[in-house]
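Okay, so here's the structure we're looking at.
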Amino acid sequence: MNLESLKGTLCISHLENVLDVEDARRANLLGKKNLNVLVMKWESELDQRASLDILDMLQPSTTVKEISIDGYVGAKFPTWFGHPSFSNMVLLRIERCRKCTSLPAIGQLPLLRDLVLVGLSAVQTVGLEFYGKDCPKPFPSLESLCFEDMQEWKDWIPCKVEYEEFPCLRELSISQCPKLQGKLPHHVPLLEKFSVNGCEQLDVSIPNFPNLHTLEIKGCKGVVSRSTDELCFPKSTILSIPYVKSLTEEFMHGLAKVENLTIDNCKELTSLWQDEFKSLITLDIRGCSSLVNISLTSTLRTLNIEVVVV
1 MNLESLKGTL CISHLENVLD VEDARRANLL GKKNLNVLVM KWESELDQRA
51 SLDILDMLQP STTVKEISID GYVGAKFPTW FGHPSFSNMV LLRIERCRKC
101 TSLPAIGQLP LLRDLVLVGL SAVQTVGLEF YGKDCPKPFP SLESLCFEDM
151 QEWKDWIPCK VEYEEFPCLR ELSISQCPKL QGKLPHHVPL LEKFSVNGCE
201 QLDVSIPNFP NLHTLEIKGC KGVVSRSTDE LCFPKSTILS IPYVKSLTEE
251 FMHGLAKVEN LTIDNCKELT SLWQDEFKSL ITLDIRGCSS LVNISLTSTL
301 RTLNIEVVVV
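Just so we're aligned, residue 1 is where the sequence shown starts under the UniProt record's numbering, counting upward by one.
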């Protein structure tokens with residue numbers, strides 16, 4: 001069988017058993033130009049000094065469309081990873097690479113549409129290296145971006161270029177990043193879905209994204225407006241802010257156009273008035289055990305209240 005003609009998907013598991021760089025070189029992934037999807041998995045997180053060199057030798061052809069890296073144990077990625085010559089790549093998943101301290105220059109990939117980053121426990125900063133030092137317009141095609149379970153991530157440093165960092169981004173999800181603080185990117189003109197979950201130190205800033213229709217905020221420190229914008233929540237909004245005691249007037253004004261609202265796990269919230277809910281159709285209240293006063297509005301069609309009794 002001629003392995004050079006392999007097509008479709010190739011999954012290489014138990015790469016922790018590859019100890020010799022020469023074995024990785026002989027795989028000759030660079031010569032397999034018909035591969036569309038490449039999956040590489042490490043099942044053990046034991047220290048492996050040769051891991052960077054091995055992944056370097058496992059460089060695939062630039063014609064590959066999707067790459068998934070799971071459990072890589074190196075502290076950084078090889079230089080080919082994120083290189084703009086991978087002009088066909090549309091999806092990239094990096095999971096459980098718990099010893100990596102920085103992200104590769106993924107912003108240089110010209111056609112990348114979907115990016116998933118999960119379990120990069122040692123990354124503390126997402127910044128210039130993520131966008132690409134010499135990239136004039138990073139992430140030109142990215143539509144979906146997911147960060148999950150990045151336990152040490154503290155800062156997201158914005159790209160210092162004239163253009164938007166994410167001109168085509170439609171979905172942004174950030175979950176279980178408990179140390180993340182500061183500001184999130186705000187030059188995201190096409191954003192439609194925005195989800196932040198389990199980021200206890202983060203005050204979520206809500207710019208007025210014109211296309212945003214779904215917002216989910218759970219387990220965060222709070223919600224604030226940018227200094228130049230008023231709060232303006234989209235038509236479908238889910239809020240779960242455990243320690244909020246009351247909703248400010250500014251906050252309530254921001255809910256004026258909301259049609260479907262879920263308030264979840266706001267355990268210290270005592271009252272909810274709806275004078276500003278001029279468009280509200282559906283209200284779902286869950287786990288708000290201190291809530292004693294609710295003022296209804298004439299537009300409301302559906303009200304659901306779930307109380308957890310301990």
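Beta carbons are placed, not taken as given, at the ideal position from N, Cα and C, and that holds for glycine.
Just so we're clear, the structure is a prediction, and the values are computed from it rather than from any experiment.
Counting along the chain, the unbroken alpha helix (DSSP H) around residue 23 starts and ends at 21-26. By the beta-carbon neighbour count (other beta carbons within 10 angstroms, threshold 16), residue 237 is buried. Distance from the CA of residue 93 to the CA of residue 196, rounded to the nearest whole angstrom, comes to 19 Å. Residue 11 is bridged by DSSP to 39.
Comparing alpha carbon positions, the residue from 91, 14, 251 and 232 closest to residue 55 is 14. Considering only 19, 181, 292 and 257, the residue with the shortest C-alpha distance to residue 204 is 181. Residue 21 and residue 288 have their alpha carbons spaced roughly 57 Å apart. In the structure shown, residue 134 falls within a coil segment according to DSSP collapsed to helix, strand and coil.
Leaving aside the five residues that flank residue 209 on each side, the residues in its chain whose CB is nearer than 7 Å to its CB run, in chain order, 188 and 191. Residue 147 is not a Cβ neighbour of residue 165, given a cutoff of 8 Å.
For residue 53, the uninterrupted alpha helix (DSSP H) segment begins and ends at 51-57. In the three-state scheme derived from DSSP, where H, G and I count as helix and E and B as strand, residue 255 is classed as coil.
Apart from the 5 residues on each side of it in sequence, residue 38 sits with its Cβ closer than 6 Å to the Cβ of 10, 60, 64 and 67 in its chain, given in chain order. Spanning the alpha carbons of residue 153 and residue 299 requires a straight line of approximately 42 Å. Per DSSP, reduced to three states, the secondary structure at residue 293 is strand. Counting only the Cα atoms, residue 282 lies some 39 Å from residue 111.
Residue 107 counts as buried, since at least 16 other C-beta atoms from the protein chains shown sit within 10 angstroms of its C-beta.
By the 16-neighbour rule on beta-carbons within 10 angstroms, residue 96 is buried. Sequence-distant partners of residue 301 (beyond 5 residues in either direction) whose C-beta falls short of 7 Å from its own C-beta, in its chain, are 281 and 282. Per DSSP, reduced to three states, the secondary structure at residue 165 is coil, with no helix or strand assignment.
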